[in-house]
Ligand code: RP5
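Numbering (my numbering), first residue to last: 61 to 231.
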């Protein structure tokens, strides 16, 4: 847990942790201070409401909410703050995560949640989007994000090079 966190990662259950570790890893890599909490829209509604209401005055700039099934956590947080809220739908064994995705994404007009894809890639992208938002006012993060994209492109070039080698050897 960081001092003076700028990002709050909130999970509906500790069973979401394996997925939300992808968010943690990206924020740690970019050296963005964050906190990680378990708060439930349904099981601990008062705590979830209060957390969102107090987040801005504690210095939090963006909330990332991971939840599964009837995944109302991101929406409940968004209803209680004007900070940006990014939702991460968990994969589930009931409906493959489509339940989580639709519960998170279908917000009523006026209260947005920036909803990511299902599961760990969504959790990773939530952190990247949060970093990109912070980078609007942070030159160090802006450079780090540009470098990250460059590395991504290089990794694709490397993959392509290996595929071409394989093709030459096997055709
Ligand atoms: C949601 O219910 C949580 O976000 C979790 O994804 C799902 C299942 O929770 P557990 O029954 O595993 O605690 O609130």
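All C-beta atoms, glycine included, are put in the ideal place defined by N, C-alpha and C.
* Asked: So, is residue 138 buried or exposed, given that buried needs 16 or more other C-beta atoms within 10 angstroms?
  -> buried
* To do: Return the residue from the list 84, 93, 105 and 88 that minimises the CA-CA distance to residue 72.
  => 105
* Please say whether residue 143 and residue 162 have beta carbons closer to each other than 8 Å? => no
* Report whether the distance from the Cβ of residue 76 to the nearest heavy atom of the ligand RP5 is below 7 Å. => yes
* Give the straight-line distance between the Cα atoms of residue 113 and residue 211, rounded to the nearest whole angstrom. => 38 Å
* In chain order, what residues of the same chain lie with their CB nearer than 6 Å to the CB of residue 98, ignoring the 5 residues before and after it? -> 71 and 74
* **CB of residue 64 within 8 Å of CB of residue 119, strictly** => yes
* To do: Rounded to whole angstroms, what's the CA-CA distance from residue 160 to residue 230? Just pull it up for me.
  => 43 Å
* **Range covered by the alpha helix (DSSP H) that runs through residue 139** => 133-139
* Proximity to residue 141 [Cα-Cα], best of 79, 219, 128 and 121 -> 121
* Own chain residues within Cβ distance below 6 Å of residue 185, not counting five before or after -> 176
* To do: Name the residue from 128, 165 and 115 whose alpha carbon lies nearest to the alpha carbon of residue 77.
  => 128
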